[in-house]
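Here is the structure we will look at.
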Amino acid sequence: MNEPPASRILDLVGAQRMAHVWRLKSDRIVFTNGVFDILHRGHATYLEQAAALGHRLIVGVNSDASVKRLGKGSDRPLNPEADRAAVIAALRCVDAVVIFGEDTPLGLIQAIGPDVLAKGGDWTVDQIVGGEYVKGYGGQVVSIPLVQGLSTTALVERIRHGG
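Residues are numbered in our numbering as their position in the sequence shown, beginning at 1, plus a constant of 51.
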């Protein structure tokens with residue numbers, strides 16, 4: 052995709068439309084989601100591996116309000132949702148980004164109907180939200196191994212403690 056990154060940030064209806072267009076072209080659609088507060092090598096590796104599972108990668112980014120409800124800390128997210136979405140959209144391996152405000156991405160997954168649902172290795176396949184739904188229509192659910200020692204929480208702790 053040679054579109055500017057901002058054009059890759061879509062609302063739910065826009066993501067559904069793009070998924071429909073891509074399906075007409077027989078593209079295999081991969082969906083993943085996360086907070087992506089401070090982008091690091093672990094995120095980049097994970098998103099590249101998710102993208103390699105298909106032709107198009109749609110990334111759901113938690114809204115600021117949903118991050119607060121996740122209990123990651125009173126000061127999280129460090130970066131606002133629009134900034135986090137823009138950074139993810141700027142990655143070459145990402146075709147579309149949707150900000151979602153619910154506690155889980157289930158509604159987004161149901162609306163898009165991805166061929167592949169991927170999450171990081173801290174989630175087992177049977178724990179991945181939307182996994183049963185995706186498997187129900189013949190889709191694939193994948194848990195991608197994490198890059199050890201890399202997490203935003205660990206990075207924030209290192210920054211706070213000067214390490």
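Ideal Cβ positions, reconstructed from N, Cα and C, are used throughout, including at glycine.
In this text, all values refer to a predicted model and were calculated from it rather than measured experimentally.
- Taking T155 as reference, the option from V193, A147 and K170 with the minimal CA-CA separation is K170.
- Per DSSP, T155 is not a residue of any beta strand (DSSP E), being assigned neither H nor E.
- The distance from the Cβ of I80 to that of D134 is about 25 Å, inconsistent with a contact at the 8 Å cut-off.
- In the structure shown, S117 falls within a helical segment according to DSSP collapsed to helix, strand and coil.
- In this structure, the straight-line span from the alpha carbon of G105 to that of D78 is close to 7 Å.
- CA-to-CA, the gap between I179 and L108 works out to about 17 Å.
- Look at V112 here: in three-state DSSP terms it is strand.
- Collapsing the DSSP output to three states places I150 in a strand.
- Only residues of its own chain outside the window of five on either side were considered, and among them L108 and C144 have a CB closer than 6 Å to the CB of A102, listed in chain order.
- About 4 Å separates the CB atoms of A140 and R59; that is less than 8 Å, so the two are in contact.
- Distance check between L90 and each of G187, V138 and G164 places V138 closest, using alpha-carbon atoms only.
- In the structure shown, A169 falls within a strand segment according to DSSP collapsed to helix, strand and coil.
- When rounded, the separation of the alpha-carbon atoms in D177 and E183 is 8 Å.
- If the five residues before and after L61 are omitted, its C-beta is found closer than 6 Å to the C-beta atoms of A147 and V149, all from its own chain and listed in chain order.
- Within the same chain, V167 come within 6 Å of Q191 by CB-CB distance, once the 5 residues on both sides are set aside.
- Its chain contains G152 as the residues whose beta carbon lies nearer than 7 Å to that of A116, once the 5 sequence neighbours on both sides are disregarded; these appear in chain order.
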